[in-house]
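Number of protein chains: 4
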Amino acid sequence: MIEQRQISDYNKSAAKEHSRSLNFLSDVLEKRDIDVKKIVEKIKSFKIAIPSWALGTGGTRFGRFSIGGEPANLEEKIEDIALLNTLNQSSGLISLHIPWDIPGNIPSVLSLLKKHNLQVDSVNSNTFQDQPGQKHSYKFGSLCHTQKEVREQAIVHNEEVIEYGKKLKAKSLTVWLADGSNFPGQQHFRGAYERTSDSINKIYKKLPSDWSMLIEYKPYEPNFYSMVIPDWGTSYMLSKSAGDRAKVLVDLGHHLPNTNIEQIVARLMHFNMLGGFHFNGSMYGDDDLTTGAIKPYQLFLIFNELADALQDKKIKNPVPAWMIDASHNSKDPLEDLLQSVEAILIAYAQALVVERSSLVQKQNDNDVAGAQEVMQNAFRTDVRPLVREAFLQKGGCLSPIDIYRKEGVRARLIKQRGKSSMATGL
Amino acid sequence: MIEQRQISDYNKSAAKEHSRSLNFLSDVLEKRDIDVKKIVEKIKSFKIAIPSWALGTGGTRFGRFSIGGEPANLEEKIEDIALLNTLNQSSGLISLHIPWDIPGNIPSVLSLLKKHNLQVDSVNSNTFQDQPGQKHSYKFGSLCHTQKEVREQAIVHNEEVIEYGKKLKAKSLTVWLADGSNFPGQQHFRGAYERTSDSINKIYKKLPSDWSMLIEYKPYEPNFYSMVIPDWGTSYMLSKSAGDRAKVLVDLGHHLPNTNIEQIVARLMHFNMLGGFHFNGSMYGDDDLTTGAIKPYQLFLIFNELADALQDKKIKNPVPAWMIDASHNSKDPLEDLLQSVEAILIAYAQALVVERSSLVQKQNDNDVAGAQEVMQNAFRTDVRPLVREAFLQKGGCLSPIDIYRKEGVRARLIKQRGKSSMATGL
Amino acid sequence: MIEQRQISDYNKSAAKEHSRSLNFLSDVLEKRDIDVKKIVEKIKSFKIAIPSWALGTGGTRFGRFSIGGEPANLEEKIEDIALLNTLNQSSGLISLHIPWDIPGNIPSVLSLLKKHNLQVDSVNSNTFQDQPGQKHSYKFGSLCHTQKEVREQAIVHNEEVIEYGKKLKAKSLTVWLADGSNFPGQQHFRGAYERTSDSINKIYKKLPSDWSMLIEYKPYEPNFYSMVIPDWGTSYMLSKSAGDRAKVLVDLGHHLPNTNIEQIVARLMHFNMLGGFHFNGSMYGDDDLTTGAIKPYQLFLIFNELADALQDKKIKNPVPAWMIDASHNSKDPLEDLLQSVEAILIAYAQALVVERSSLVQKQNDNDVAGAQEVMQNAFRTDVRPLVREAFLQKGGCLSPIDIYRKEGVRARLIKQRGKSSMATGL
Amino acid sequence: MIEQRQISDYNKSAAKEHSRSLNFLSDVLEKRDIDVKKIVEKIKSFKIAIPSWALGTGGTRFGRFSIGGEPANLEEKIEDIALLNTLNQSSGLISLHIPWDIPGNIPSVLSLLKKHNLQVDSVNSNTFQDQPGQKHSYKFGSLCHTQKEVREQAIVHNEEVIEYGKKLKAKSLTVWLADGSNFPGQQHFRGAYERTSDSINKIYKKLPSDWSMLIEYKPYEPNFYSMVIPDWGTSYMLSKSAGDRAKVLVDLGHHLPNTNIEQIVARLMHFNMLGGFHFNGSMYGDDDLTTGAIKPYQLFLIFNELADALQDKKIKNPVPAWMIDASHNSKDPLEDLLQSVEAILIAYAQALVVERSSLVQKQNDNDVAGAQEVMQNAFRTDVRPLVREAFLQKGGCLSPIDIYRKEGVRARLIKQRGKSSMATGL
């Protein structure tokens with residue numbers, strides 16, 4: 000939808016202002032002994048996966064208001080992600096959802112991915128909905144179900160997802176379980192855990208040796224009394240039982256009120272158990288808003304832990320899989336995703352400009368106010384020029400969302416795909 | 000589905016145990032100077048409205064698992080409610096949802112209602128979803144919308160709901176607004192409030208002189224940053240601005256974590272502003288679980304405030320409209336509703352056996368432990384015989400849920416209406 | 000303060016009503032195939048430890064309102080606990096707090112304990128306050144402190160606590176750490192964890208071979224940004240690292256809003272890692288209210304998990320240490336403790352009358368409404384006669400709080416110890 | 000402690016960097032059609048009151064770790080505030096707490112205030128603690144107490160506070176009530192409200208005609224079941240009943256989890272009922288942390304509502320009283336207060352650089368992503384040069400906290416006042 004030439008034109012028109020801002024910022028940062036080039040390189044190498052299930056309008060149980068021009072099949076979804084990546088060059092990965100996005104023609108999908116320089120990162124199973132023709136229902140759970148046949152159906156589904164993933168060259172399986180209970184007494188907690196653990200262990204055995212398995216936790220919704228995997232502790236235990244390549248996935252919206260998420264992130268890195276991330280924004284629960292839209296300081300603090308651990312040679316945790324998991328109820332999904340990627344990179348950049356040795360010094364001295372000064376100084380610095388520079392150097396656009404709007408992409412998508420096209424997904 | 004004769008048979012078979020329990024309890028209560036007969040009379044006169052939108056399986060944004068045999072139209076919904084009321088003789092009222100349950104043939108609906116001795120209590124408007132063929136979308140709000148045409152469409156819809164209600168002899172209009180915003184900056188708070196207030200005032204003008212208007216509040220969902228009517232204070236202000244017959248509706252699931260709901264209830268009674276109640280159970284948010292399933296002591300404490308205010312001659316607040324508002328994701332909806340009605344009546348009965356003058360004495364003396372003893376003594380007393388006796392005296396069944404199950408009602412409904420019949424609603 | 004004879008007289012006067020209630024209940028339970036005698040035996044064998052720090056009036060940072068007659072030393076505290084145990088025969092254990100209750104004369108304390116048939120259960124260290132003359136301050140942490148000298152001081156303190164415990168024949172060390180941070184950046188999360196783990200491992204090495212070490216978690220307060228041990232997952236990891244006899248301690252008030260505590264309890268039993276319990280009541284946070292005063296159904300659900308696990312032969316978890324940990328800001332502490340013990344035993348009794356095989360059946364069948372019926376039936380049954388019978392059979396009083404009040408104990412304590420005597424503690 | 004000359008020297012040494020940053024920012028803002036000079040003027044005219052009770056180390060119920068050099072009397076407190084104001088020229092107001100800071104010699108206090116160019120802004124009553132020699136205890140409430148004598152004592156205390164305030168030329172009375180209950184049943188909700196309202200009305204009658212009365216709300220702590228004034232709705236009702244000059248005071252830490260505070264602020268401005276503000280930072284509850292330390296975006300959003308309402312000619316609400324209310328458990332209180340004032344001014348400056356007409360346009364168009372861009376653009380802009388320029392123009396220091404540290408103020412205070420001097424307060 001947007002040509003490289005248009006991007007070049009845009010960048011030229013914005014070049015002067017950008018270079019003025021970048022120069023100013025570079026001066027500021029150099030006074031803090033911060034190597035601007037290195038930071039830009041780090042931002043450039045940061046890749047975020049786009050969820051195939053979030054390219055259409057999302058909804059709540061109260062309704063869904065379609066925007067039109069939504070991708071009607073996997074190929075169109077890939078095109079949408081390609082467009083995003085063309086603009087920001089930072090989102091060339093795809094989280095694929097099965098069965099919503101079962102590839103029909105694998106070679107053609109692979110060549111489409113190749114053409115757009117995209118990769119499938121993680122494949123996601125779905126045992127929280129019944130699909131037409133499905134033999135057993137997941138109404139009362141899947142991997143935790145009291146009946147063996149249901150558990151086996153769910154295990155087989157996960158194995159199929161792995162098979163699709165192998166064909167598409169994915170590198171991880173993400174398991175999010177809606178399993179749980181709505182009422183006290185409904186579920187035997189220990190039994191449900193044990194059955195879930197057995198099921199996961201079976202799935203793990205089918206995992207290719209270079210894959211990881213990401214086990215997500217969530218305290219509530221769609222079950223409103225208990226979830227089988229409500230917290231990081233349970234994800235940890237299940238992962239440990241499954242094997243070395245099973246790790247915990249942190250979704251920013253999957254926590255009880257007031258949870259200190261950054262500390263959980265630090266713990267998991269410390270234990271070598273942080274497998275991946277689902278980014279989104281949250282005010283109340285699993286709101287699935289734009290990343291950084293509600294609590295940008297928290298996002299920065301999370302990245303501060305990540306950046307700190309990633310530069311620490313004692314920490315063996317591999318770089319986690321970065322993924323967006325959001326729902327776009329009131330915005331154009333593509334605009335939302337551009338905003339999310341930008342917010343993530345800004346938070347990462349802020350974390351990278353933290354004067355780390357000074358921070359460590361103040362932490363060791365218990366200089367509380369001083370440590371806060373270091374953190375706030377990084378956060379208050381306008382680091383956007385670093386992110387823009389990374390976009391620019393990689394061939395993207397200085398302001399992805401601006402060009403997207405100016406080029407009237409959504410209107411053209413609607414024209415092309417129709418007002419009522421609807422994407423599969425949440 | 001269940002004949003009076005079957006109920007009689009059931010009651011006969013359970014009569015001995017019931018009368019033994021009732022006698023024991025009566026002795027216990029008489030020692031506390033509590034008039035058992037009066038309490039049974041009060042329980043008998045308590046009527047709860049069943050929501051027309053909750054007779055089918057409910058869902059979350061993640062899925063919906065139908066149970067089968069769901070009512071496919073208003074007539075079948077009325078039959079389901081009639082069955083419930085036949086069993087417990089306490090739920091002969093209906094909260095009707097428009098447009099989900101627009102009556103096709105009014106006279107025939109009226110005669111069906113009469114036949115079953117049912118009444119429409121409140122009519123509920125819906126401006127949180129777009130209906131097919133609707134001119135303007137509610138994607139960005141309804142009564143608060145920035146565009147006049149949308150607001151007017153929503154006002155007209157509410158007026159139509161009133162018209163339907165008048166024909167069906169309803170007595171109140173319930174307004175729940177999903178209006179709000181998902182992101183900081185999206186909505187001008189003061190402007191949205193002012194437009195909402197104007198719209199409500201216009202609707203109020205169309206209200207029949209013997210109706211009340213019930214204004215519901217909710218802090219979040221389906222909007223996840225702000226709701227135009229998030230708390231009782233806002234409902235109060237909007238009601239005051241509309242007129243004397245506008246009052247606040249409290250839904251048990253519409254509060255932030257840890258809210259002391261019973262105190263809000265007491266305040267609203269004190270201000271003569273409590274119009275109605277939506278009962279349900281909640282652990283995390285608007286979970287819409289069975290009433291009393293999660294926090295029965297809180298339910299008792301709420302009824303304690305209601306019972307206390309209703310017996311206080313200084314309090315002018317009319318008896319609020321009692322309504323269930325729940326969603327049945329994992330249970331048979333009819334079983335859930337029977338459990339909810341029973342839980343409500345039990346909580347009411349517990350509140351009625353509070354030794355009130357003793358409580359007042361202890362409150363005046365700041366005898367904290369003593370006041371707790373009084374409250375716990377009432378709550379720990381097994382008051383179920385009082386509720387069963389009320390069922391019995393009114394011609395219902397001693398154990399509504401037990402007979403419902405024994406008679407295999409759901410299986411017969413599925414046989415009659417089909418496995419895949421689906422009710423409109425949430 | 001209360002003679003055995005007075006108790007006998009009280010029991011005689013209340014005997015008729017008690018036996019009438021017990022007979023009625025026994026009939027009811029026998030129809031459910033429940034062995035009443037066995038249950039009474041189980042209640043009789045349940046022993047709860049009283050915290051030495053909660054025998055005086057508690058306070059908040061806003062103030063403290065003394066009640067008078069508070070125990071001024073360990074001997075008087077032992078006498079208060081002896082009185083409680085005389086009345087309910089269920090609280091003959093003591094949680095001892097060091098340095099608040101350092102025993103002066105060990106042999107005399109031991110003989111006093113023996114005289115009253117009391118035992119010290121757990122000893123609790125305190126590194127959250129600075130004591131007069133203390134070399135290093137805990138302002139910035141203790142076991143997690145950045146400075147080795149401070150950590151060592153805290154380790155030595157814990158070792159001293161163990162020494163006192165050995166002399167007093169205690170069986171466990173309870174470690175609650177206030178360590179944490181108030182501001183983002185103040186503390187290096189991974190470093191703080193590692194130092195804490197090292198410190199705990201050192202303390203563990205000094206643990207007698209028949210002791211357990213109980214590691215408590217708490218999400219916030221007194222630190223308001225992060226706590227080093229915020230959740231069960233962290234307690235678990237620290238325990239695992241320390242050794243087999245280190246286990247997790249669950250305090251009911253130490254959870255984020257809406258936490259499903261009963262599930263955590265089930266998990267820990269499943270993992271053989273539940274070491275102990277701190278009972279109290281909570282509406283908002285670590286409110287330290289009377290157990291069962293706010294959410295009695297939750298307390299029942301917790302006991303349901305405990306009872307279920309304790310009867311499951313696959314579960315190897317030893318019986319956890321039961322302890323009260325509360326603060327009495329507005330009640331007579333002794334009345335509060337009597338209410339707490341009673342509420343705990345009631346919840347336990349309710350859990351014991353759950354028709355467990357029926358529940359399991361319904362869980363296996365995913366009969367959600369049926370499972371709820373089983374749970375609610377147990378909870379709604381008035382089981383107080385079982386608890387009273389247990390008191391009676393053990394030589395206690397049918398109604399401990401009633402006799403305490405009738406005998407005017409507090410007034411006599413004030414007369415004896417003075418209006419302004421104050422107990423050490425929180 | 001710091002001479003004007005030292006400030007000048009500091010400013011000179013930092014002038015070049017400051018003017019470089021300011022120039023860059025001015026260019027940026029001018030491109031957005033923002034009048035930098037006007038904004039600097041607005042920041043210059045913003046005055047924040049410092050609480051007399053927060054100049055010493057604060058504590059929790061678990062302990063207090065003194066920093067030393069704390070002001071031992073009102074005169075020393077005034078000197079501390081004078082120092083702060085010398086540095087930032089924005090905190091020349093004092094919130095005075097009675098009885099902690101009863102002025103001994105009024106004329107001398109007045110002349111000290113004058114010398115330092117300080118003003119008493121609001122006087123705060125304290126009926127949450129018992130003072131030595133006090134006749135009646137506030138253990139069970141003050142203005143809400145069941146006994147008339149206690150209420151009258153509390154009313155008289157408030158009247159005395161007004162008298163002190165008049166002498167010190169204060170302009171408002173702040174009433175925060177700890178009144179409430181710890182247990183269900185303890186307090187009769189309606190009765191407690193009525194008595195509180197009567198008491199407040201009586202106090203209001205003694206209010207000088209040019210004063211306002213600020214009524215604070217708080218959902219919990221120090222009472223843990225209910226507070227008599229838990230929410231803005233209750234403050235509103237009490238204020239309305241008292242009279243025109245009674246208004247609501249919003250304390251940022253006094254809300255339930257996830258509350259949208261900025262919307263409450265907008266509502267209160269809309270209703271002409273926002274009297275004042277207590278700034279602080281909060282993660283869990285009334286944590287009383289440094290303002291802006293936890294959720295700086297929320298602080299910005301609150302200021303966005305304030306700035307929007309203050310520039311709206313339809314809004315008649317007078318400028319609210321801005322006050323800090325925090326507790327300094329782990330930091331040097333003076334450093335904390337400097338950080339808080341700076342954070343407040345930064346948030347205000349961010350709100351002032353919001354492109355308001357563009358925002359309104361996007362709000363009217365329901366351009367959700369566009370509105371977010373406007374908000375984030377303002378927040379992400381580094382506006383610190385504007386705040387520094389305001390300090391500079393008013394004669395303060397470019398970096399108050401930096402000079403405070405470099406001049407070693409705390410060490411000198413400790414030398415002067417001693418290591419163990421302790422300030423009255425929380």
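Chains as they are written, first to last, in numbering that gives the first Met the number 0: chain A, 0 to 425; chain B, 0 to 425; chain C, 0 to 425; chain D, 0 to 425. We treat Cβ as the ideally placed atom computed from N, Cα and C, and that holds for glycine.
Might you give, ordered along the chain, the residues of its own chain that have their beta carbon closer than 6 angstroms to the beta carbon of residue i, omitting 5 neighbours on each side?
i	result
B/VAL408	MET0
C/ALA177	PHE127, PRO221
C/ARG387	HIS17, LEU397
C/LEU267	VAL247, LEU273
C/ASN316	MET268, ASN271, LEU273
On the DSSP letters alone, give me the boundaries of the alpha helix (DSSP H) that residue i sits inside.
i	result
D/PRO384	383 to 392
C/LEU112	105 to 114
D/LYS414	408 to 416
D/TYR445	The structure shown has nothing for residue 445 of chain D, since chain D only spans 0 to 425.
Does residue i come out as helix, strand or coil in the three-state DSSP assignment?
i	result
C/HIS144	coil
D/LEU172	strand
A/SER211	strand
C/SER326	coil
A/SER225	strand
C/TRP99	coil
B/SER398	coil
Along the chain, where does the beta strand (DSSP E) that runs through residue i open and close?
i	result
A/ASP120	118 to 123
B/ILE93	92 to 96
>> What ranges does the alpha helix (DSSP H) occupy inside the stretch 236 to 311 of chain C, keeping only unbroken runs of at least 4 residues that lie completely in it?
In response: 260 to 269, 295 to 309
> Taking Cβ-Cβ distances below 7 angstroms as the criterion, which residues of the stretch 244 to 264 of chain D are in contact with chain A?
Replying inline: PRO256, ASN257
>> If the cut-off is 9 angstroms on Cβ atoms, which residues from the stretch 280 to 306 of chain B count as contacting chain A, listed in chain order?
In response: Flagged, chain order: GLY280, SER281, MET282, TYR283, GLY284, ASP286, ASP287, LEU288, THR289, ALA292, ILE293.
> What residues from the stretch 374 to 395 of chain A come within 7 angstroms of chain D, judged by C-beta to C-beta, listed N to C?
Replying inline: ARG379, THR380, ASP381, ARG383
> Unbroken beta strand (DSSP E) runs of length 3 or more, entirely within the stretch 2 to 60 of chain B: which are they?
Replying inline: 48 to 50
> What residues in the stretch 60 to 80 of chain D bring their beta carbon closer than 7 angstroms to a beta carbon of chain C?
Replying inline: ARG60, PHE61, GLY62, PHE64
>> Just to confirm the assignment: which complete beta strand (DSSP E) runs, minimum length 3, are found wholly within the stretch 338 to 374 of chain A?
In response: none
>> Counting only Cβ-Cβ distances shorter than 7 angstroms, please list the residues of the stretch 124 to 158 of chain C near chain A, keeping chain order.
In response: PHE139, THR145
> Which residues, in chain order, does the stretch 168 to 195 of chain B contribute to contact with chain A at a C-beta distance below 9 angstroms?
Replying inline: Listed by position along the chain: ALA177, SER180, ASN181, PHE182, PRO183, GLN185.
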